[in-house]
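For reference, the structure is listed below as structure tokens.
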Amino acid sequence: VLRSRRGAAVLSLVTGLAIAFAAAMTAPLPGPPLYDGVVPTEPYLWLDPPPGHPGNPPSGKATIAVKGTSSPLVTLSDLGPNATTEPQAQLLIPPGALVMPSGTTSLTVTITPVEPSVPPTTGYIAGNVYRILITTQTGAPVTATNSSDSTVVLRAPDPTTPTATMVQLVNGTWTPLNTQPEGAGAQFLGTVSSFGDFALQLPGEAPSFLASAGPAETPPTSPTVIPTEVAPSPSAQGGAGGPGIPSITIYAGIAIGLVVLGLLASALLPARGRRRPTDRGWSNKPPPRTRR
Amino acid sequence: MIEGHVAPRESEAAASLVGVIRSWLAPAAVLLSLAAVIWARWSATLAGLDALEVGLVFGIALLAVGMAAWPGPRTLRRPTLAEIGLGMAGGAALIGIALSARLAGAGPGISFPPAAPFAPWAAITVVVAAAEELILRGALFAAVERAGGVIAAVAVTSLAFALMHVPLYGWHVVPLDLGVGIFLGGLRLAGGGWIGPAIAHAIADLATWWL
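Going down the list, the protein sequences come from chains H and S. Following my numbering, the numbering of the first sequence begins with 946 at its first residue and continues without gaps. Following my numbering, the numbering of the second sequence begins with 3 at its first residue and continues without gaps.
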């Protein structure tokens, strides 16, 4: 098979697809594979920054209107709706996945970095502890259904962290959650059914630079209040175009279509003044012999 | 007499060795340049510089390396319909892998797009994808193929493709990117140029905004 170029091409295509498919199905890298596009990897903002590391992590807050008896889509990050940097904590709850008291008209969602109240029994906490709460307009706490896909995504400080366990503080004990890597950038996704304090836990001893960590010189920034009735959807970061197809998708489709048309035109249209590859402006033939 | 027979053989062997080393100098130079650019990008990322600006400079640096290592006119010839079609089909296949894994339950079912405005993100993503392919499936592939043949070219470029992503994404991406690198090498062989892999690479990267 390898004797011909075509055979090598077919073998490479089949082998590569098989390996990539197997890796995507088994490797801890869910979501779309990234082949080194631009993945913003922002420096981690510490609540208690180690020396030389930035502090003052932001908080996120949203008030979401409830229409009817079913809970709405809830999405929020610690950076608010118009984030231009990578969030460190995110919450995504699909519609109908919250258990709300009757008479609920609005939900208040907050993501706040807090000091850890207790250390984990094994390993150490990587990054900040985030307190994620959802309450009704009366302040009553809200929980999620056990069967839902309610998820919390936390980013580890080290962008090369391959695995981590998301833990939730339950009755004074850090309890591990079902955790999966969430794409590139050391983000990890945990499935949750209640809300409170969440963190990423790594095995072993904490790095030495964490030992000298201390509180930030200035307090954390005040929560970012989102004055919208509904929290922004994930796709809203590119600018939603209202109901239907988001405008960013339309513009992107037009741009991609133009690029493809250009490539097709480049391939199809006859080139003016195209030279053959061997035409270098002079003849390859040797000069005619002349009699002396 | 014995010395007279051995000396030519030794000189032939030495000449052959020198020839092999010379033929691999160009691939080694491309790989070293690529490593330097990767290291610079990683350092800039750790320093906390703006991710989009780092990505733009990274793409330009890759383009510069690719152009400097440009092996000849065939590398930048006009794309053919077959290359474009192969590239689009390859991009669809790579998206299909992600969707299949997600449908099979390997993925979390949700994802957030990169935290950046779409337009500059998409532009830089396309530049980086095209520049990587210009280097890997263009210059490096041609250089390694001259030195060691087609299989060596696919193997070296795929390995380089997998390893160059480790600093940013970690070791767990190696199996996936190794498979994708081999696949893109197959596209390079099937289409005859680097445009096909570049189209597939760019499509797969751009799709991450929505997937």
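The beta carbon of each residue, even a glycine, is placed where N, CA and C say it ideally should be.
For G1117 of chain H, which option in H:T1081, H:P1064 and H:A1101 has the closest C-alpha, if you only look at C-alpha atoms?
-> H:P1064
Three-state class that DSSP yields for M69 of chain S in the structure shown = helix
Give a yes or no on whether the minimum CB-CB distance between R1099 of chain H and chain S is below 7 Å.
-> The sequence given here has Leu at residue 1099 of chain H, not Arg. By this cut-off, L1099 of chain H is not an interface position.
Any idea if W991 of chain H is buried or exposed, counting beta-carbon neighbours within 10 angstroms, 16 or more meaning buried?
-> buried
Within 10 angstroms of its Cβ, does T1124 of chain H collect 16 or more other Cβ (buried), or is it exposed?
-> buried
Would you list, in chain order, the members of the region 960-972 of chain H that have their beta-carbon closer than 8 Å to a beta-carbon of chain S?
-> T960, G961, L962, A963, I964, A965, F966, A967, A968, A969, M970, T971 and A972
Locate the alpha helix (DSSP H) running through A125 of chain S, then write down its first and last residues.
-> F120 to E135
Closer than 7 Å by beta-carbon distance: list the chain S residues that pair up with R1076 of chain H, in chain order.
-> Per Cβ cutoff of 7 Å: no residues; R1076 of chain H is ~20 Å from chain S at best.
Return the CA-CA distance between G111 of chain S and G1135 of chain H, expressed in angstroms with no decimal places.
-> In this prediction, G111 of chain S has a pLDDT of 40, which is less than 50 and means its spatial position is unreliable; what the coordinates show is noted afterwards. Going by the C-alpha atoms only, they are around 12 Å apart.
Taking three-plus beta-carbon pairs below 8 Å as touching, is the region 166-179 of chain S in contact with the region 59-67 of chain S?
-> no
Count the other CB atoms, across all protein chains shown, that sit within 10 Å of the CB of I137 of chain S; report buried if there are 16 or more and exposed otherwise.
-> buried
Check whether the Cβ atoms of L88 of chain S and G193 of chain S sit closer than 7 Å, and answer yes or no.
-> yes
Proximity below 7 Å, CB of A1034 of chain H to CB of D1023 of chain H = yes
Express the C-alpha separation of S35 of chain S and A1 of chain S in angstroms, rounding to a whole number.
-> Chain S is shown only over 3 to 213; residue 1 of chain S falls outside these bounds and no answer can be derived.
Run through DSSP, which three-state label would L1099 of chain H get?
-> strand
Host alpha helix (DSSP H) of G952 of chain H (start-end) | R950 to T971
Could you tell me whether any Cβ in chain S is nearer than 7 Å to the Cβ of A953 of chain H?
-> yes
List the endpoints of the continuous beta strand (DSSP E) containing T1124 of chain H.
-> T1124 to P1126
Whose Cβ in chain H lies nearer than 8 Å to the Cβ of F143 of chain S?
-> Correct list: empty, because the minimum Cβ distance to chain H is about 11 Å.
Expected contact under 8 Å - CB spacing of L65 of chain S and A133 of chain S to nearest Å | 4 Å
Output yes or no for whether 7 Å exceeds the beta carbon distance between V32 of chain S and A141 of chain S.
-> yes
Under a Cβ-count criterion, where at least 16 other Cβ atoms within 10 Å of its own Cβ denotes burial, should N1091 of chain H be classed as buried or exposed?
-> exposed
Beta carbon proximity, P1002 of chain H to chain S, threshold 7 Å = no
Supposed contact pair L1036 of chain H and A1101 of chain H - C-beta distance, whole angstroms, cut 8 Å | Contact doesn't hold; Cβ gap of about 17 Å is too wide.
Report yes or no: do the region 1039-1053 of chain H and the region 1071-1086 of chain H share at least 3 C-beta pairs separated by less than 8 Å?
-> yes
Would you please state the rounded distance, in angstroms, between the beta carbons of L1122 of chain H and Q1132 of chain H? I believe it to be under 8 Å.
-> About 14 Å; that fails the 8 Å criterion.
Could you spell out where the beta strand (DSSP E) holding Y171 of chain S opens and where it closes?
-> Not the beta strand (DSSP E): Y171 of chain S falls in the alpha helix (DSSP H), residues V168 to Y171.
According to DSSP, is W41 of chain S helix, strand or coil?
-> helix
Please confirm if the region 143-151 of chain S is in contact with the region 118-129 of chain S, defined as three or more CB-CB distances below 8 Å between the two stretches.
-> no
Could you give the distance in angstroms between the alpha-carbon of P994 of chain H and the alpha-carbon of V1115 of chain H?
-> 26 Å
On a CA-only basis, which of S:A204, S:A157 and S:I197 is nearest G181 of chain S? Give me that one, please.
-> S:A157
Whole-angstrom distance between A1042 of chain H and S1015 of chain H, CA atom to CA atom | 8 Å
What residues from chain H crowd round V156 of chain S, counting only those whose CB sits closer than 8 Å?
-> A953 and S957
If P1058 of chain H and Y1075 of chain H are in contact, beta carbons under 8 Å, what's the gap, nearest whole angstrom?
-> 6 Å
DSSP state of V1063 of chain H, grouped into three classes?
-> coil
How would you write the range of the beta strand (DSSP E) that A1007 of chain H sits in, first residue to last?
-> G1005 to A1010
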